[in-house]
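Heads up, the thing below is written out as structure tokens.
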Amino acid sequence: MNIRTVATTPFNDQKPGTSGLRKRVPAFQQPHYLENFVQSIFDTITVPPNATLVLGGDGRYYNREATQVILKMAAANGFRRVLVGAGGILSTPAASCIIRKYKTHGGIILSASHNPGGPDGDFGIKYNGTNGGPATETVTEAIYTASKKITQYRIADAADVALDRTGDHKMGDMTVSVIDPVEAYAELMESLFDFDAIRALLKGGFRIKFDAMHAVTGPYAREILVNRLGAPADSVMNAVPLPDFGGGHPDPNLTYAHELVEIVYGKHAPDFGAASDGDGDRNMILGKGFFVTPSDSLAIIAANAQCAPGYKQGLAGIARSMPTSEAADRVAKALGIPCYETPTGWKFFGNLMDAGKVTLCGEESFGTGSDHVREKDGLWAVLFWLNILAARKQSVETIVREHWTKYGRNVYSRHDYEGIPVDAANGVMKLLKDSFASLKGAQFGHLQVKLCDDFSYTDPVDGSVSTGQGVRILFVDGSRIVFRLSGTGTEGATLRIYLESFEPDVSRHHLDAQEALATLIGITLQISELRKRTGRDKPTVIT
Ligand code: G1P
Ligand code: ZN
1041 MNIRTVATTP FNDQKPGTSG LRKRVPAFQQ PHYLENFVQS IFDTITVPPN
1091 ATLVLGGDGR YYNREATQVI LKMAAANGFR RVLVGAGGIL STPAASCIIR
1141 KYKTHGGIIL SASHNPGGPD GDFGIKYNGT NGGPATETVT EAIYTASKKI
1191 TQYRIADAAD VALDRTGDHK MGDMTVSVID PVEAYAELME SLFDFDAIRA
1241 LLKGGFRIKF DAMHAVTGPY AREILVNRLG APADSVMNAV PLPDFGGGHP
1291 DPNLTYAHEL VEIVYGKHAP DFGAASDGDG DRNMILGKGF FVTPSDSLAI
1341 IAANAQCAPG YKQGLAGIAR SMPTSEAADR VAKALGIPCY ETPTGWKFFG
1391 NLMDAGKVTL CGEESFGTGS DHVREKDGLW AVLFWLNILA ARKQSVETIV
1441 REHWTKYGRN VYSRHDYEGI PVDAANGVMK LLKDSFASLK GAQFGHLQVK
1491 LCDDFSYTDP VDGSVSTGQG VRILFVDGSR IVFRLSGTGT EGATLRIYLE
1541 SFEPDVSRHH LDAQEALATL IGITLQISEL RKRTGRDKPT VIT
């Protein structure tokens, strides 16, 4: 097999964001663009002899083409084997599971998560390390540095591999093993949860609806929920992964998963609704006419973890990203276990899980997971909820309300202003940082500012420091406003505003979050000059 060395020049925009390199498809279709980044990964991770790589993606447009290129580059860069999901498909948590199960030298995941797909949509690529988790900040930086110096890449002259059937193919000295994308993951789920109890729940007439949003979780949900747990086939909707996600925005929230939302808020609503995103790592949990915020979901899973066989032995600790509500902290306190506050992005949880410091992790952005893999995991969260529902035999809403009664309610909402001009977004952030001194101690109605800062984090395992992780305005009564700019968008800037207040009074738990947070929302608009600077009078998405 001939291996070609191709001369190239750097693109200077290959800096990975919160989760890998994401660009519009046409950017990735430029000659050498994908190859440069893949070679930068291989140059950074130094491939040991006999190494295996995992490869797969969320099935979005360009997934197949990129898979073939990466296989040929893996062969040219000394890999002995690549485990690739049939059809080029692997959900992000399944990729993490397979890396761990087969102890591979990491894996490459092709995904832009919840961003729209199609010829004009987004594409993305990221490297996950040997622990199955997203590359650390240090490795990510090194890949970026390599991409700015690259002069050549290596690629094998080989025929495309038939990706649709499982089996082994030779590519020079390398073996391409096309594997079932679902099997290992489904087995792992079966080892963690009480499938008998869930099966009995479903048999007893408990109705569920899972929306795969035309994205990667369709085959996973069918195998697990329908084939293994016995749910009726129509319990899974939009179950065929499409390259453009059916023209939708595969982000499981109240705005983008409206088809499911209409069903669970409509007549004859099922008892439980859930959705997952493009690559299967996010989840949204709904009851009959009831929405569970992701922050509450993390706290409730933690408080009820002993219902699931895989977590019977207790939790080592919990970690949540800084903007995620403090509901989980209350549960951790009651359990007498630590709760860590990390910057946004799953990569910060890896060290804590590897060191055995935490079992559960979560983010407000519809991400929940545990140390069973090193990614957040959408279907895992769905199964955890089903396991809790099977054990407690109560409705979703009752479980949440009882939780609030016991721990108090952390009222929470996130307001996103998407696609605003970068200068305006930076201007808002600068204004806020410049106002720290005058904001400290300031009184807004009954709320007084206790502290403002730009969040920074020192990793307790490796001591690395991450600065500039979001502006926090903390109030004396525990309320919080957090401002940060998204690191996953590909167009303009997205400003995220996270709002939280604590409500111990049960008689006020019925309030709508926007209503309960109205004072904080007012303060946000005032101190950020948002409307004036961005010309927007309302958020694009409220979650
Ligand atoms: C967003 C979420 C963040 C999540 C990331 C990847 O990043 O806010 O919690 O880890 O997507 O799914 P952001 O766009 O805010 O940088
Ligand atoms: Zn995702």
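For the sequence shown, the working numbering gives the first residue as 1041, with consecutive numbering after it. Cβ coordinates follow ideal geometry from the N, Cα and C atoms, glycine included.
CA-to-CA distance, residue j to residue i, given in whole angstroms
i       : j       : result
Ser1337 : Ile1325 : 8 Å
Ile1377 : Glu1366 : 14 Å
Asn1052 : Ile1138 : 32 Å
Thr1528 : Gly1244 : 42 Å
Leu1111 : Asp1456 : 38 Å
Gln1483 : Leu1355 : 40 Å
Glu1230 : His1072 : 42 Å
Arg1062 : Phe1163 : 6 Å
Val1371 : Thr1382 : 17 Å
Asn1293 : Ile1148 : 27 Å
Ala1368 : Glu1437 : 18 Å
Pro1174 : Gly1390 : 8 Å
Met1253 : Tyr1102 : 18 Å
Gly1518 : Thr1215 : 56 Å
Ala1339 : Met1362 : 15 Å
Gly1060 : His1289 : 19 Å
Val1546 : Lys1470 : 39 Å
Lys1141 : Ala1135 : 10 Å
Arg1121 : Leu1093 : 6 Å
Gly1270 : Ala1237 : 12 Å
Asn1466 : Ala1533 : 9 Å
Asp1274 : Asp1417 : 22 Å
Gly1306 : Phe1330 : 11 Å
Sheet register partners of residue i (DSSP bridge)
i       : result
Asn1076 : Paired residue(s): none; Asn1076 is not in a bridge.
Cys1379 : Ile1358
Arg1432 : Partner(s): none; Arg1432 has no beta bridge.
Phe1515 : Val1489
Phe1330 : Gly1327
Asp1251 : Met1277, Ala1315
Cys1401 : Ala1359, Gly1409
Ile1537 : His1455, Phe1523
Gly1589 : A question about residue 1589 goes unanswered here, because the residues of the chain that appear run from 1041 up to 1583.
Asn1450 : Phe1542
Leu1584 : Outside the shown range of the chain, which is 1041 to 1583, sits residue 1584, and nothing can be said about it.
Leu1242 : Note: Leu1242 sits in no beta bridge, so no partner.
Val1046 : Tyr1193
Gly1057 : Gly1060
Gln1483 : Gln1488
6 Å CB neighbourhood of residue i in its chain, flanking five on each side removed
i       : result
Ser1410 : Thr1399, Leu1400
Val1301 : Leu1294
Phe1285 : Gly1157, His1254, Ala1255
Test: residue i CB closer than 8 Å to a CB of chain C
i       : result
Val1179 : Note that chain C does not occur in the displayed structure, where there is just one protein chain.
Exposed unless 16 or more other CB atoms sit within 10 angstroms - verdict on residue i
i       : result
Gly1503 : exposed
Gln1186 : The sequence shown places Ala at residue 1186, rather than the Gln named in the question. Flag for Ala1186 reads buried.
Asn1090 : exposed
Ala1047 : exposed
Glu1555 : exposed
Asp1321 : buried
Pro1334 : buried
Thr1445 : exposed
Glu1531 : exposed
Glu1227 : exposed
Residue i versus the options, residue with shortest Cα-Cα distance
i       : options                            : result
Ala1126 : Arg1370, Glu1299, Val1218          : Val1218
Leu1560 : Phe1523, Ala1135, Glu1442, Glu1531 : Phe1523
Leu1095 : Asp1463, Ile1460, Leu1123, Gly1060 : Leu1123
Thr1364 : Thr1384, Pro1281, Tyr1351, Lys1373 : Thr1384
Ala1477 : Ala1135, Ala1395, Val1489          : Val1489
Phe1235 : Leu1282, Gly1407, Ala1431          : Ala1431
Gly1358 : Thr1333, Met1214, Met1393          : In the sequence under discussion, the amino acid at residue 1358 is Ile, which differs from the Gly named in the question. Taking only the C-alpha atoms, the option nearest Ile1358 is Met1393.
Arg1205 : Leu1241, Ala1421, Lys1328, Pro1221 : Pro1221
Gly1407 : Phe1424, Trp1386, Asn1427          : Trp1386
Asp1463 : Gly1575, Val1505, Ala1309, Thr1507 : Gly1575
Gly1481 : Glu1177, Asp1200, Gly1467, Val1516 : Val1516
Leu1557 : Ala1115, Ile1521, Tyr1167, Asp1200 : Ile1521
Leu1487 : Asp1291, Ile1563, Arg1247          : Ile1563
8 Å Cβ shell around residue i - same chain, five flanking residues per side excluded
i       : result
Met1113 : Glu1075, Val1078, Gln1079, Phe1082, Tyr1193, Arg1194, Ile1195, Ala1196
Thr1170 : Ile1139, Lys1143, Thr1144, His1145, Gly1146
Asp1208 : Thr1215, Val1216, Ser1217, Val1218
Ser1475 : Cys1492, Ile1567
Phe1233 : Ala1348, Pro1349, Gly1350, Leu1423, Phe1424, Leu1426, Asn1427
Close-in-space but distant-in-sequence residues of the same chain around residue i (CB under 7 Å, 5 per side omitted)
i       : result
Arg1571 : Leu1565, Asp1577
Glu1613 : Because the chain in this structure spans residues 1041 to 1583, residue 1613 falls outside the shown range and cannot be described.
Arg1262 : Val1276, Ala1279
Gly1057 : Gly1527, Thr1528
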